[in-house]
Every structure is written in C-alpha cells, then in structure tokens.
Amino acid sequence: MLNNLNECEDGDGGPNSQGDATSKESSPFINSSTSDVEKCQQYDGKNMALFEEEMDTSPMVSSLLSSLANYSNLTQGSKEHEEAENNEEARKKTVQAPRMGTIMGVYLPCMQNILGVILFLRMTWLVGIGGVLGTFTIVFMCCSTTMLTAISMSAIATNGVVPAGGSYYMISRSLGPEFGGAVGICFYLGTTFAGAMYILGCIEILLIYIVPAAAIFKMEGLEGAEAEAALLNNMRVYGTIVLSFMALVVFVGVKYVNKLALVFLACVILSILAVYAGVIKTSFDPPDFPVCVLGNRTLASKGFDICAKTIERGNATLTTKLWRAFCDSEFLNATCDEYFTSNNVSQIQGIPGITSGILAENLFSTFMEKNSILEKRGIPAVLDPEAPETNTNRYVLTDITSFFTLLVGIYFPSVTGIMAGSNRSGDLQDAQKSIPIGTILAITTTSIIYMSSVILFGACVDGVVLRDKFGEGVDGNLVIGTLAWPSPWVIVFGSFFSTCGAGLQSLTGAPRLLQAIARDGIIPFLRVFGHGKANGEPTWALLLTACICESGILIASLDAVAPILSMFFLMCYMFVNLACALQTLLRTPNWRPRFKFYHWALSLLGMSLCLTLMFLCSWYYAIVAMVIASCIYKYIEFCGAEKEWGDGIRGISLSAARYALMRLEEGPPHTKNWRPQILVLMSLDAEQNVEQPRLLSLTSQLKAGKGLTIVGACVEGTYLNNQPQAQEGDQSLRKLMEVEKVKGFSQVVISSNLRDATSHLIQAGGLGGLRHNTVLVSYPKNWKQAEEHHRCRNFIEVVRETTAARLALLVPKNISAYPSNGERFTEGHIDVWWIVHDGGMLMLLPFLLRQHKVWRKCKIRIFTVAQMDDNSIQMKKDLMTFLYHLRFDAEVEVVEMHESDISAYTYEKTLMMEQRSQILKEMHLTKNEREREIQSITDVSRGSIRRKNPSNLHPQRSIAEESVGGGGEEKSEEEVQLIQGKNATPTPTSPTSPTSPTPPAMSPGEEVQMTWTDDTEKPNNPAVANPENIKDMFNMKPEWENLNQSNVRRMHHAQKLNEVIVKKSQEAKLVLLNMPGPPKNRTGEENYMEFLEVLTEGLNRVLLVRGGGREVITIYS
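Right under this line is the structure:
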C-alpha cells in the first residue's frame, strides 16, 4: 500500500506533475479542493488509476448515483421557512427528505384549490340561467380542458425531477425562457387575481348572508344603480381590510397558512357533504322554502311579511305590508299598481325535491337582460304591454346581463387549481408517481361533483330560486344553503372559511412564483423581487402581489374578476399542452416520461380547447392577455438573460431549420429571391483582436440586419495547440458583431497556413442550401512591401477561388475611411461605374446600402462607358429604361472614351511593374536558380541592343543605334545589381495621382523622370518638360520593346479609365466599380495588383465588385 502511495505521488498524477495545465472545475459530485495526495489515497485500490486525472470532470459512478439518489428540492418556502423561524440554526441542519404521499401531497391540495367560491356562490345561478343542458356543457368543456392539461402536465412532470416552481418550471424548461417568462407572469397574475376573487367572495358571504348590518354604505331604501354602487363600495372597503390582514398573516409566517390548510379543506368537504345530504333528504322530505309570486313575477321577501294582498281577521279585511308596497294607502279603495291589481299573489315551493319533475322545466337556458324581473314559467299573468313598469324594486331583479360566454368566464375559475400538486413536487416522496395519480384523481372527483351538482340542482330547486343570485326571494338565504342539511349555516360558514383559506393560499403561492421568476434572472426589472427576509420569505414579491390583488378588489365584482383570471389560467394551461405536444412530436432523446398515457393529439386538443375557451370567456380579455404575454416575450427576447435550458422551442427551431435547409437543397434560388449571403473574411492580430472592424460596419450596412452573415477568421497553427487562440478570436468576433449589430455566425478556422485556412472557409462555410454567395474581403494594405507579399498572394488566391466557385466578391479599398454605423451622410453621391455586366450586383448593392440610415440620403449615379462605335445617346435611353423597370431611382451618364496613343508614362509604368515582378520572383529562388536567372536576364538585355528599328514603337521614337547600345549596357548592369541586392530592393509606388489627366500626345522626354521614388518627392503632374533628359529617355527604348504588349494595353486601359473616374467621381462618398478578373496563370499576379492600384488611384472609398456569374436582379415581378 505504501509503495502504491509513493508511486502515485511521483507519477503522472502526483504534485510534481504538470498534467494538462488546466484549472480544476468545480463539481457538485466531488470535493474540488482535494489535493493530489488525498486523491491518490481516495482512489487507491479502486481500480481507477486510468481515470485519476479526469475525476474532476468525470466522477465515479458510485458518487454520482449517491448524489442523485439523495437529491431533494423542497418547495419554495414551506418547511424550511417554518424551521428558520423556530430555530436560528435550522439552516445549518441537513433538511430531511419530505415524506408526503399521493393523498396528502397532491390529491387533497388539488381538491382544496379546485373546489371553492364559484361552487357555493354561483353554481346554482349558472344552472338557473344556462339551464341544465347548457351548464352541463360548460362544465364538461372546462373539466375536459383541465383533464387534458393534467395528462400533459403529468407527462412533463414525470420526465425527470421537477424542482419547486411547478408549472413555471415545467413550461420554461420545455418552451424556453421567453415562453417560460411570459407564461410564468401570466400564471402569477392569474394566481394573484384568484386571490382577489376569493376575497371578494368572502366579503360577499359576510355582508349579504352573515352580517348584512355591518355594511358601511347602507343599501336600505336605495334602488337600482345607487344600491349597486353602495354594495360595490362595501366590497372595496372590506376587501381592502381583509387583504391587508391576509397579507400580514402571510408576512408573519407561512407556517400558519399551512397549518390552517387542512381546516379549510375540511370545511369545504363538510359543506359538499351537507349539500348531498340535503339532496337525498328532498326525495322524501322536501324543505319548506316558499317563494312569493305576483302573477308570474318573483317578489323580494324583504318587502313584505305575509305573501297575500289582504288577510281576514274576524269579519274585517285588512291590507298587508305587500298591499302598502304597491298601493298609495292601506285602505281597500286605494289606488294600486295596475299589474298588482290585475294579478293574484301565490306561493310556490322553492325546493320541490328531486322527485318533483322540476328538472324538465330547468333543462333549457333563460338568459336575461340587466334589471329584468325574475318570472316563474308556467304561471299565467295579465300584463298590459303599453303600461310602464312601476315598483320594480319590489321584485327580484337581475344584476347583470347574462349570455353563454359570460357563464363560461365565470365558471372556469372553479376548475383551476390543478397545479397544486406539481407546485409541491419538492415535498413528495415519489413525485413521478404521485403527481399523475393525485392530479387526475382530484380532477375526476371534482368533475363528478360539478356535473352531479348541475343535474341535482336542476332536479331539486325551482328555476326562479336558481336564478335568484343573492337569495332575495328566499329571505336572503344563500341559495345552495337552502338545499343543505341540516342547516343553511353549514354552507354559509363552510364557504366563508373555504374562501378565506383559498385567498391565503393564493397570497402565499403567488409571491413565491414571482420570486422564482425573479431569481431565474430572465426578466431584468423583476430581479429586486427575488430578495426577501433572512429566512427566504419573498417580502418584496408579497408587497407587489398585494398591490395587484388590490386592483382586483377595486373592481369589486366577482363576476367581473372571474373572466380576468380565467384568461391567465387558460393561457398557462394552453402552453402546458403545447409543451407536451412539442416534446412528443419532436421526439427529443431526453423525452422519456414515466407517465405513458399521453399522446400529442390529446395535447393539441387540450390546447385548442384552452384557446377556444379564452375567446368564449371574453374575446377582448383574451386579446389583452395575449398582448401582455407577447410584450413580455419580446422583452425577454431583447433584454432578458440568455438561458440554455434544452427547451422544446430550440428543438422545433432545429427541426424547422432542417426542413428549410432540405427545401433549399432542391435547387438554386430564383433571381427574385436572391440576396447577398455574405462571408466576411476578417484578420486577427497577435492578441486575437479584429484588425479591421469597419468591415463589419460595411456588412451591417449592406445587410441591414437581414439574411445570412458568416464572419470568418483564420488562425495559423494546429488545432490541438491553438484552440485557445481560436476561442479568443471567436469571442472577439462575437463581441464586434454585437457592437456592429451584425446578426450571423462566427467561425474561426485553424490551419497550418493562412492560405489553406481561408480556402477552407470559402469552401466549407454555411450548410447545405444556406451557404454564402458573396465574399467580402478587404483590399490588401501595403501589398508592395516585401513582408506583406504573402497577403497579396492570399488575396489573389481568394479572387481566383471565388471566381472558380461562382461567388460574388466585394473588395473595399481603404476600409478605414468607410463610415461607421453611427455616422450619417446628409448629402453626396454613390457612384456606380458599370463597365461590364456582372449579373446586376453593381445595381443591387447601392440599393441595399441606401436602406441603411448611413447612406439613406445619398443619391445614386450610374456611369457607363461608351466606345467609339457606340451610340451614346441611345445607350443612355436604354439604361434609363432599364433602371425604370428595375424600380431604381438614379441619375444616368454615359462617358465616352476615345482611342488614344499609349503614352510614355504607360510604358514606363509597365516597365517598372515588370521589373518589380521579376525582383519579387527572384527573392523566392535558390542561389543557383538566382544566378541562372541573372544570366538569362543579362543575355536578353544584350540581345535587345542588337535589334534595330523596333516595329512596335512609334516612328518619332527612332534614334541612333550607338546611343541605344550604350544605354542598354548600363541598364543591364543596373538590373544585375538590383537582383543581387537583398536588402536594397526599392519599393515602387505609383508615381503620381492622375488627378490632372495626362495629355494624349506627349513627347518621350516628358516621361523621363518616372523612376522608383516616393510620391511626395515628385511633382503632381508627371508630364514635366525636361529637354535635357530626352537622350536618356531614348536610351530606354530597347526595354520598352521587350515589354509584354498585353500588360501595356491593360495598363493603358486602367490609366485612362482611372482618369475618367477621378474626374467624375472624386467627390463621391462611395465609388462602386467592376473588378477585373485575375490572371489565368500565376506569373502575372503582381501585375494584377498594379492594374488594380492604377485603376483605383486617387479615390477615397472604392468598392470593387465582381459578380458571381448569375443574374441577381430582374425586371419582372
């Protein structure tokens, strides 16, 4: 054992070993501070020697399994908060894994949250207004929606461990931070407004059914709108008081809410059992609840004591309180209301019992307008249609206009609460087993209760009593309470405590949900709500929740608040279904739910039902909820923190991208769909910083944020050794792309030399049909210097490769002078010099540039060159017609270029170019090859001396042979000296800027001063007359004779074209110019750069454009 330990200390894993020189990463599975010696002792004898150095990132299976098996994540602030309040050192203790089963952990909490205020306060009214069939349809739709949502939720909840956070966690991790944040906020708002609804229900029970005398704003003697306003004001005052008290209870400690939860649930269950007991009792002993009816109109019980007009007392007929309510005096000869006089007063049984057959009368709906009088079906009444309505306050009136969709919005909150089990996933012993069973069982139980209630209410209670929302016709009793056994007070107090408990639960859960969203950091402005008390209580989130809840209480109407929270819950459920459907359809490898009874079709059906119910409840609330969610989504997308949660939206984006790429592979894009997909070739310095950031500015201006952009860079070396540098370079590119607002991808290629790396980028950039069709590369700066010669060769190879690959090429010269994205041109021109047709690139680029705010105010001018045999007037007309069909707004000018003799300046320039090319070529030869090359050049020069009367020169340049011979000998010796001198190679530069055009006819003596000197030492005009140098100029004629005539012609054309461009476009903000093609052989590469230099000389910003060989614009729609 000791030997093994010593070997470990001295071996590869010992302290003296350098290892891989990487810092140890923190790991949740092993102690990152373990020393190498301790590591050897830890793994010695465990047959893990081969993996010792990887233990930091790849732990042993035993430690991994142990960590995962002991994983626990308590719900947000229940048990640990209680312990923190009871014991200051509770946080230091190890929290034991909770042991809650399916019944206590999921089933009963779901039951408590689902059964609530709507069942006790509105269910009878819903049955009376919507009828048994209509209400049963609503209940079935809503319960089906929650059942389908529960199936989807069960699949998601059993697809791995769901920490505390419930539905927000499931949606955000399945649909991404944008959807997760948006739906999380909606779920939070729904829970908060649910708290307001429960509090309003609590106050309604208190002020109407328990202690009506406690009303601050008295409603006695008020009618119509005044009475309604007084009721709402009472709701606001008492609602605010109750909300403050509940918020204080939650702030003091959530443990009190948790301890009272079972008490409140017991109240709910006892109330429901009392209702069922009362229904059973009606079958053999219906309760006595008479309802007084005048004609067929239901009378409010507070307006009379005896349901009769008169009573017989002895031999006298006395009028009742009801008579005095409709007549102007208590005497029999008093003037009474016409309807009161024409109709009799009768009593009907409010609860005839389940065997009475009242179900047939209550089957169909009875929708009513606001302030309509409740009328009993089947009773005749005498009514004068022209008589005005009087004494309407004596009847039971409707307080709201009812219709089917309103009933849906009011009822749906009664089926919410199915997330209670998943919200407690951290408290469950086996969440993956308990959540599906408990949630589905709770929904099944509550659905049976609701559906049976609809049928039983319709079968036991008369229609006028069902439609009496506040029990005005049954002595102010709670309607469902009249059915209960043994006493209506069981229902009254049971519903009161259940609404109080539900309100406390909402005020407990909503702040923790907001805290979970804030701590995720996906919504920056909510981060302050992630803080709380020392024990984790979300104090700030509770304050915000109370404020939002207060806004719901100020609405003061239970019927108005219910559709609001329905919207938010429905949106949450819709996205739960969407998450399950997406995961199922995408078939991601990680989608392996333990719950197997799900299907994507069920999830889509549930999503469709949620969307349908949203617009059924209230189409304008639905739109508002969607706008809120969309705003939050876009806010997170632009300002929120980027999170990678392996969500389904990334998966669907991948599938959509794959499908689109496969479609793109079917063929090349049509001309109308062509757009520049740019590969930007950037260069990095030794510190991996971008050398020419203005290239990305130009890219941004060309793309205007649209289309594909690949920003590529090259690192010289090997992948294993230079990967860190490549990553640094990639980060530099990404930062610059973010600054310049270039949307695209960055790619850094490592190769043994930069030439190959650039070639790899051009060949392999992009994917499938989504590949670049344009290459943007900067013009090589200082290419004439010997140390920059490799950049020049790389540039020419890029030109060749893009030509061979049929890619368009954009080469900005003097890129540092180009404007940044923050600059603005208020005037100026973009000049296009259309020399040859390149598929329309020259036309398209200025149009794209003018879409950007930098170039927006610049005007486009298009110049084209006419030859001697061209009709320039007709060319201009044709070009204007072409631009009109292209929908381009530009000025047009045709420039005529006349034929002229090749000037001596052109010959001298060509001679210098070829001499320099020869020198650069010799710099790369071996010693023997260099000596042979010098000898061959000398022989050629001497052979040229003996030639007489060269035919390729003009007659005026003839001179005596002896003069020519002497000059030739001197020149040959000078060339030998130039070739042999390694460090004395002059740097040829352009002799002058041809701002002042050279006259066509020039004497040879005017060009004799053209030598390799710096531009600043020369006069601006090369045509300086110096008669003394005529003899020296004539001595150089044999060198002109040996020049490549093709190079001479090209130099001549470049010079003449440059003169015209400088004359017309020197003040232009940007000049776009056709780029000549590269030489087919590699012997004239330096000459090619000289031609480009002469062509663009004297221009500030030039964009050389080379088309890709296909049409990119069309005149057709």
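Going by the UniProt record's numbering, the residue at position 373 of the sequence shown is 373; the numbering climbs one at a time, nothing skipped. Beta carbons are placed, not taken as given, at the ideal position from N, Cα and C, and that holds for glycine.
Q) Terminal residues of the continuous alpha helix (DSSP H) containing Ser732? A) Taking the sequence shown and counting its residues from 1, the one referred to as residue 732 is at position 732. If you look at Ser732, you'll find it in the alpha helix (DSSP H) that goes Tyr719 to Val739.
Q | Straight-line gap, Ser487 to Leu542 (C-alpha atoms, nearest Å) | A | Counted from its first residue, the sequence shown places residue 487 at position 487. Counted from its first residue, the sequence shown places residue 542 at position 542. Roughly 38 Å between the two C-alpha positions.
Q.
At the level of alpha carbons, what is the spacing between Met248 and Thr499?
A. Taking the first residue of the sequence shown as position 1, residue 248 is located at position 248. Taking the first residue of the sequence shown as position 1, residue 499 is located at position 499. The sequence given here has Leu at residue 248, not Met. Taking C-alpha positions only, Leu248 is separated from Thr499 by approximately 17 Å.
Q.
Let's test the definition: count the other Cβ atoms within 10 Å of the Cβ of Gln429 and tell me whether it reaches 16, buried, or not, exposed.
A. Taking the sequence shown and counting its residues from 1, the one referred to as residue 429 is at position 429. Gln429 comes out exposed.
Q: Count the CB pairs spanning the stretch 687 to 696 and the stretch 813 to 820 that are closer than 8 Å, and state whether there are at least three.
A: Three or more beta-carbon pairs separated by less than 8 Å link the stretch 687 to 696 to the stretch 813 to 820, which places the two stretches in contact.
Q) Can you name, in chain order, every residue of its own chain whose Cβ lies under 6 Å from the Cβ of Gly130, other than the five neighbours on each side? A) Looking up residue 130 in the sequence shown gives position 130. Ser365 and Leu407.
Q.
Can you give me the C-alpha to C-alpha distance between Ala143 and Tyr659, rounded to a whole angstrom?
A. Taking the first residue of the sequence shown as 1, we reach residue 143 at position 143. Taking the first residue of the sequence shown as 1, we reach residue 659 at position 659. First, the residue type needs correcting, since residue 143 is Cys and not Ala in the sequence shown. Each residue's alpha carbon lies about 37 Å from the other.
Q | CA nearest to the CA of Ala601, picked from Cys580, Val1060, Leu363 and Pro511 | A | Indexing the sequence shown from 1 puts residue 601 at position 601. Ranking Cys580, Val1060, Leu363 and Pro511 by Cα distance to Ala601 puts Cys580 first.
Q) Beta-carbon separation of Ser603 and Thr584 under 8 Å? A) Working through the sequence shown from its first residue, we reach residue 603 at position 603. Working through the sequence shown from its first residue, we reach residue 584 at position 584. Less than 8 Å separates the beta-carbon of Ser603 from that of Thr584.
**Q.** Ile348 (DSSP reduced to helix, strand or coil)
**A.** As a working note, residue 348 is residue 348 in the sequence shown. In this structure, Ile348 counts as strand in the three-state DSSP scheme.
Q) For Phe615, which three-state DSSP category applies? A) Taking the first residue of the sequence shown as 1, we reach residue 615 at position 615. If DSSP states are grouped into helix, strand and coil, Phe615 belongs with the helices.
Q | Straight-line gap, Gly481 to Ala442 (C-alpha atoms, nearest Å) | A | Your numbering for residue 481 matches position 481 in the sequence shown. Your numbering for residue 442 matches position 442 in the sequence shown. Their Cα atoms are separated by approximately 24 Å.
Q. With distances taken from CA atoms, which of Val799, Asn782 and Phe595 is nearest Leu681?
A. On the sequence shown, residue 681 is found 681 positions in, with the first residue counted as 1. It is Val799.
Q: Note the first and the last residue of the continuous alpha helix (DSSP H) segment covering Phe847.
A: Along the sequence shown, read from residue 1 onward, the residue named residue 847 stands at position 847. Residues Met841 to Leu849.
Q) Which class does Ala686 belong to by DSSP, given the choice of helix, strand or coil? A) Residue mapping note: residue 686 aligns to position 686 of the sequence shown, counting from 1. Coil, per DSSP.
Q. Can you tell which of Gly744, Phe795 and Ala431 has its C-alpha closest to the C-alpha of Asp756?
A. Residue 756 sits at position 756 when you count from the first residue of the sequence shown. Residue Phe795 holds the alpha-carbon nearest to the alpha-carbon of Asp756 among Gly744, Phe795 and Ala431.
Q: Thinking Gln505 and Ala261 are a contact (beta carbons under 8 Å), I'd like their distance in whole angstroms, please.
A: As a first step, residue 505 is located in the sequence shown; it is residue number 505 there, counting from the start. As a first step, residue 261 is located in the sequence shown; it is residue number 261 there, counting from the start. That belief holds up - the Cβ atoms of Gln505 and Ala261 are roughly 7 Å apart, short of 8 Å.
Q) Under a Cβ-count criterion, where at least 16 other Cβ atoms within 10 Å of its own Cβ denotes burial, should Val293 be classed as buried or exposed? A) Within the sequence shown, residue 293 is the residue found at index 293, counting from 1. The residue in question, Val293, is buried, as its Cβ has 16 or more Cβ neighbours within 10 Å.
Q) Would you call Val211 buried or exposed, if buried means 16 or more other Cβ atoms sit within 10 Å of its Cβ? A) For the purposes of this step, residue 211 is taken as the residue at position 211 of the sequence shown. Classification of Val211: exposed, given that the 10 Å Cβ count is below 16.
Q.
Using the three-state DSSP reduction, which class does Ser655 fall into: helix, strand or coil?
A. As a working mapping, residue 655 is identified with position 655 in the sequence shown. Of the three classes helix, strand and coil, the one that applies to Ser655 here is helix, per DSSP.
Q) Are the beta-carbon atoms belonging to Lys218 and Thr298 less than 8 Å from one another? A) In the sequence shown, counting from the first residue as 1, residue 218 sits at position 218. In the sequence shown, counting from the first residue as 1, residue 298 sits at position 298. Against a cut-off of 8 Å, the Cβ pair of Thr298 and Lys218 comes out as no contact.
Q) Applying the criterion that 16 or more other CB atoms from any shown protein chain within 10 Å of the CB defines a buried residue, is Ser551 buried or exposed? A) Residue mapping note: residue 551 aligns to position 551 of the sequence shown, counting from 1. Result: exposed.
Q) From His885, Leu231 and Arg861, pick the residue whose C-alpha is nearest to that of Ile1061; which is it? A) Counting from 1 along the sequence shown, the entry for residue 1061 is found at position 1061. Ranking His885, Leu231 and Arg861 by Cα distance to Ile1061 puts Arg861 first.
Q | For Asn1074, the three-state DSSP class (helix, strand or coil) | A | Start at 1 with the first residue of the sequence shown, and residue 1074 comes out as number 1074. Under the three-state reduction of DSSP output, Asn1074 falls in the strand class.
Q) Buried or exposed: which applies to Leu654, given that a residue is buried once 16 or more other Cβ atoms fall within 10 Å of its Cβ? A) Here residue 654 corresponds to residue number 654 of the sequence shown, with the count starting at 1. Counting the other CB atoms within 10 Å of its CB gives Leu654 a total below 16, which places it among the exposed residues.
Q: Kindly indicate which residue of Phe251, Gly353, Thr240 and Leu222 has the alpha-carbon position closest to the one of Pro287.
A: As a position in the sequence shown, residue 287 is number 287, starting the count at 1. That would be Gly353, whose Cα lies nearest to the Cα of Pro287.
Q) Asn949 by DSSP, collapsed to three states: which one? A) Start at 1 with the first residue of the sequence shown, and residue 949 comes out as number 949. For Asn949, the predicted model reports a pLDDT of 39, less than 50, meaning its position is unreliable and no value from the coordinates is stated.
Q.
Classify Val382: buried if its beta carbon has 16 or more other beta carbons within 10 angstroms, exposed otherwise.
A. Indexing the sequence shown from 1 puts residue 382 at position 382. So Val382 counts as exposed.
**Q.** Close beta carbons around residue 1126, own chain, < 7 Å, minus the five adjacent residues each side
**A.** A query on residue 1126 cannot be resolved here, the shown segment of the chain reaching from 1 to 1117 and no further.
Q) Looking only at its own chain, which residues have a Cβ that is under 6 Å from the Cβ of Asn1100, when we skip the five neighbours before and after it? A) Locating residue 1100 in the sequence shown gives position 1100, where the first residue counts as 1. Same-chain partners within the cutoff: Ala817.
(Q) Measuring alpha carbon to alpha carbon, tell me which residue in Val254, Glu687 and Phe457 is nearest Leu133. (A) Here residue 133 corresponds to residue number 133 of the sequence shown, with the count starting at 1. Of Val254, Glu687 and Phe457, the residue nearest in Cα terms is Phe457.
(Q) List, from N- to C-terminal side, the alpha helix (DSSP H) runs of 4 residues or more that fit wholly inside the stretch 355 to 429. (A) Those alpha helix (DSSP H) runs which fall completely within the stretch 355 to 429 and span 4+ residues are 404 to 411 and 420 to 423.
Q: Note down, in chain order, each residue of its chain lying with its Cβ closer than 7 Å to the Cβ of Phe575, except the 5 sequence neighbours on either side.
A: If you number the sequence shown from 1, residue 575 lands on position 575. Here the set comprises Ile171, Leu175, Phe179 and Val183.
Q: Say whether the stretch 1064 to 1081 touches the stretch 826 to 846, bearing in mind that this needs 3 or more beta-carbon pairs closer than 8 Å, one atom from each stretch.
A: yes
Q) Quick one: what does DSSP say Leu886 is sitting in, helix, strand or coil? A) The residue given as residue 886 occupies position 886 in the sequence shown. Leu886 falls in the coil class under three-state DSSP.
Q. If Gly606 sits next to Cys110, beta carbons under 8 Å apart, how far is it from one beta carbon to the other, in whole angstroms?
A. To locate residue 606, count along the sequence shown from 1; it is residue 606. To locate residue 110, count along the sequence shown from 1; it is residue 110. Wrong, their Cβ atoms sit about 17 Å apart, outside the cutoff.
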